[in-house]
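In full-length UniProt numbering, the protein residues as written are 1 to 227.
Ideal Cβ placement from N, Cα and C applies to all residues, glycine included.
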Amino acid sequence: MLAIMGAMDEEIELLLADLQAPETLTFSGVTLHKGTLEGVPVLLTRGGIGKVNAALTTAYLLMQGATQVIFTGVAGGVHPELRVGDIVVSTDCVQHDVDVGALGYELGSIPGELPAWPADETLRAVALEAARDVEGVRVLDGRVASGDQFIASREGVQRLWTLFGAACAEMEGAAVAQVCSKAGVPFVIIRSVSDTADHDANVDYRTFMPLVARHAKQVVRGMLARL
Ligand code: ADE
């Protein structure tokens, strides 16, 4: 079954309103909504903010039979060409706040794990096609950098750009990616840019989040029609 996950209510509420015949499953503080969207059986959930919430929720989705995972939400733009409203479809995900450098590991690398988790090619292709249907926005195919930090400085953006080649910064994608990769379950992260992760990020994020969350929803609906 296809799973669709966001971090916050605003990221899934538009999809939740359209979900047919929803059934609710709960486990350890996580709520999953089971039903159909555009005639497609789905599990839909708000996982909460940050990597731990994302990993816990992904594990629960997999336990409930998720065979593909789409994460939809907002992000801070890191790629210099990204503007508010633009869309990033993940090529792969990194955890920018992991540092085991004292033991000789590359920044972002968890010993014994992949340095970056690649998204599924089929889901990516479908997401890119659906994203290109959203009018007036740039669609970028790029790396998603996740960490338990809201990035709101020029230095923060520069670090993610130069050290990781990240397209955008958010707080969940790489945790979803890590769990899905371990289980061999295909995933893709779709992020709509709510701010450019600079010193205005907190204000822009609050202002634009409801608007750009609509773009992410449009992409998911476009994917459902193509899957
Ligand atoms: N989600 C939206 N904007 C973000 C930012 N600037 N940093 C981290 N996560 C975000």
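So if I measure from each beta-carbon to every heavy atom of ligand 1 and keep distances below 7 Å, which residues remain?
Chain-ordered list of matching residues: V74, A75, G76, Q149, F150, I151, A152, A169, E170, M171, S194, D195, A197, A201, Y205.
Note down, in chain order, each residue of its chain lying with its Cβ closer than 6 Å to the Cβ of A145, except the 5 sequence neighbours on either side.
Answer for A145: V94, H96, L160, F164, A166, A169, listed in chain order.
Report all residues from its chain with a CB closer than 7 Å to the CB of A17; omit the five preceding and five following residues, and keep chain order.
Closer than 7 Å at the Cβ level, and outside the excluded window around A17, lies no residue.
Thinking C-beta only, is L2 closer than 7 Å to V42?
Contact flag set, yes.
In the DSSP output, what is P118 paired with across the bridge?
P118 pairs with D92.
What do you reckon, are the CB atoms on R143 and T72 nearer than 7 Å?
Contact flag unset, no.
On the DSSP letters alone, give me the boundaries of the alpha helix (DSSP H) that R46 sits inside.
That residue, R46, is in no alpha helix (DSSP H); its beta strand (DSSP E) goes 40-46.
Thinking C-alpha only, which one of G136, A66, P210 is nearest L82?
With distances taken between Cα atoms, L82 lies closest to G136.
Enumerate, from N- to C-terminal direction, the unbroken alpha helix (DSSP H) stretches of 4 or more residues contained entirely within the stretch 169-200.
The stretch 169-200 contains these whole alpha helix (DSSP H) runs: 173-183.
Go ahead and label D200 buried or exposed: buried means 16 or more other beta carbons lie within 10 angstroms of its beta carbon, across all protein chains shown.
By the neighbour-count rule (16 or more Cβ atoms within 10 Å), D200 is not buried but exposed.
Excluding the 5 residues preceding and the 5 following E10 in the sequence, name in chain order all residues of the same chain whose CB lies nearer than 7 Å to its CB.
Answer for E10: M209, P210, A213, listed in chain order.
Let me know if F187 comes out buried or exposed under the rule of 16 or more other beta-carbons within 10 Å of its beta-carbon.
So F187 counts as buried.
Using CA atoms only, rank isn't needed, just tell me which of I49, V176, L128 is closest to G184.
Checked all of I49, V176, L128; the closest Cα to G184 is V176.
Could you give the distance in angstroms between the alpha-carbon of A119 and the alpha-carbon of E113?
Going from the Cα of A119 to the Cα of E113 covers about 15 Å.
Among A59, R132, T58, E38, which has the Cα closest to the Cα of D86?
The shortest C-alpha separation from D86 is found at R132.
Using 7 Å as the threshold, is the C-beta distance between V89 and I190 below it?
Yes, they are a contact pair.
Which partner residues of R143 appear in the DSSP bridge assignment?
Partner(s): A166.
Which of helix, strand or coil does DSSP assign to L5?
The amino acid at residue 5 is misidentified as Leu; the sequence shows Met. If DSSP states are grouped into helix, strand and coil, M5 belongs with the strands.
With the cut-off set at 7 Å, would you say V69 and A130 are in Cβ contact?
Result no, Cβ atoms of V69 and A130 do not sit closer than 7 Å.
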